[in-house]
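**Q** Handing you a structure now.
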Amino acid sequence: MWKFEVVRGVAGGGVGEVVGTVDGRSGADGEYRFTDEVGGDGGEFLYRIRTIRTDERVIVSEPLVVSASAVPLAPVVRPVAPNPSGSPVEFVIDSPALGDVTISVFDARGAEVRVLHRGPLAAGTSHFSWDGRNETGSAVPAGIYFVTALAGETRSSQKFVRVAR
């Protein structure tokens with residue numbers, strides 16, 4: 000098995016630090032993804048990928064310079080906590096001033112269970128809580144659910160599990 004290390008540094012700075020690893024499949028072509036949750040005020044970052052092969056040989060990619068904004072370009076739903084949960088679930092949404100944003104919970108079939116927010120959402124971080132009830136106030140069954148932030152055609156979702164109490 001191969002391993003990929005994502006190394007982030009500041010453009011014009013030193014070597015950088017490993018900010019994530021992704022396991023690969025030896026001999027398999029594929030697409031690998033990694034999302035760097037860059038905090039702070041944004042800026043320019045330098046990324047390199049270190050490929051560590053099964054024979055311990057290391058291959059380092061050419062650098063890639065990325066400009067990161069402190070404010071997301073679209074609403075972003077952070078990972079859900081607690082997950083799994085039988086109690087209220089907390090959602091954190093990072094959003095630019097995009098105008099109207101709809102925050103909804105969907106079941107695994109894609110049916111909308113409840114709308115938590117519909118309307119303007121200020122730039123920055125917003126917190127929402129879901130008590131496990133649908134629009135009529137009835138408790139929903141245990142299962143897989145998704146929280147989604149929708150602004151225009153831009154959507155961000157996170158999956159979570161609701162367990163029976």
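Residues 0 to 164, numbered by numbering that gives the first Met the number 0, are exactly what the sequence shown covers, in order.
Ideal Cβ placement from N, Cα and C applies to all residues, glycine included.
1) S125 and V88 - do their beta-carbons sit closer together than 9 angstroms?
2) From I51 to S137, what does the alpha carbon distance come to, in whole angstroms?
3) If you drop the 5 nearest sequence neighbours on each side, which residues of the same chain put their C-beta closer than 6 angstroms to that of G15?
4) Should A80 go down as buried or exposed, given a rule of 16 or more other Cβ atoms within 10 Å for buried?
5) Grab the span of the beta strand (DSSP E) containing D22 for me, first residue to last.
6) By how many angstroms is the C-alpha of R47 removed from the C-alpha of S60?
7) Start and end of the beta strand (DSSP E) containing G118?
8) Could you tell me the boundaries of the beta strand (DSSP E) in which W1 lies?
9) DSSP three-state label for R154, please.
10) Could you tell me the boundaries of the beta strand (DSSP E) in which D35 lies?
11) How close, in whole Å, do the beta carbons of A67 and P95 come, if the pair is a contact with beta carbons under 8 angstroms?
12) Quick check on the DSSP output: what are the complete beta strand (DSSP E) runs of length 3 or more inside the stretch 47 to 82, in order along the chain?
13) For T101 versus A163, is the C-beta distance shorter than 9 angstroms?
14) Enumerate in chain order the residues of its own chain whose CB-to-CB distance from N133 is below 7 angstroms, with the five nearest sequence positions on each side excluded.
**A** Let's see:
1) no
2) 51 angstroms
3) V6, R7, G8
4) exposed
5) 16 to 22
6) 5 angstroms
7) 111 to 119
8) Per DSSP, W1 belongs to no beta strand (DSSP E) and is neither H nor E.
9) strand
10) Neither: D35 is in no beta strand (DSSP E) and is coded neither H nor E.
11) Incorrect: roughly 13 angstroms between the Cβ atoms, too far for contact.
12) 57 to 59, 63 to 68
13) no
14) V112, R113, V139
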